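Peer 1:
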Amino acid sequence: ILTVAPFDTIEEAIDEANATEYGLAAYLFTGAADTQQRLVGGLSAGAVSVNYLKGVSADAPYGGVKQSGYGYEGGEQGVRSFQILKMVNGLGSFG
Numbered sequence: 296i297l298t299v300a301p302f303d304t305i306e307e308a309i310d311e312a313n314a315t316e317y318g319l320a321a322y323l324f325t326g327a328a329d330t331q332q333r334l335v336g337g338l339s340a341g342a343v344s345v346n347y348l349k350g351v352s353a354d355a356p357y358g359g360v361k362q363s364g365y366g367y368e369g370g371e372q373g374v375r376s377f378q379i380l381k382m383v384n385g386l387g388s389f390g
């Protein structure tokens, strides 16, 4: 699903994009470096692609925020979602 809506300021665009309960991915297209930085920093999304539509590397962690996704896949973070950690303290010691 793609939503296209007009906006007057970058802040308004960020507010509108973040107003949804979902945040799997965001895509933005601009040649202005300052606009790229403001959007990347302000958007609540698990992945942000800047002037890029191709897939991501299998080594890259991919997951959403808010009500999107069900954890991470890919990369070290994807492996960690299948692990159960246990802290063991003082094994083999006395006192």
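Per the working numbering: the sequence shown = residues 296 to 390.
Positions of the beta carbon are idealized from the N, C-alpha and C atoms, including for glycine.
Since the structure is predicted, the reported quantities are computational estimates derived from the model, not experimental observations.
By DSSP, does G337 sit in helix, in strand, or in coil?
Peer 2: In the sequence shown, counting from the first residue as 1, residue 337 sits at position 42. G337 falls in the helix class under three-state DSSP.
Peer 1: Whose CA, out of G337, E306, D329 and E307, lies closest to the CA of A410?
Peer 2: It is not possible to answer for residue 410, since the shown part of the chain is limited to 296 through 390.
Peer 1: Check whether the stretch 342 to 354 and the stretch 297 to 315 are in contact - that is, three or more C-beta pairs closer than 8 Å.
Peer 2: Short answer: they don't touch.
Peer 1: For A300, which residues from the same chain have a beta carbon less than 7 Å from its beta carbon, with the 5 sequence-adjacent residues on both sides left out?
Peer 2: Sequence index remark: in the sequence shown, residue 300 carries index 5 (1-based). Here the set comprises E311.
Peer 1: Measuring CB to CB, does Y317 end up less than 7 Å from K361?
Peer 2: Locating residue 317 in the sequence shown gives position 22, where the first residue counts as 1. Locating residue 361 in the sequence shown gives position 66, where the first residue counts as 1. Their beta carbons are under 7 Å apart, which means Y317 touches K361 by this criterion.
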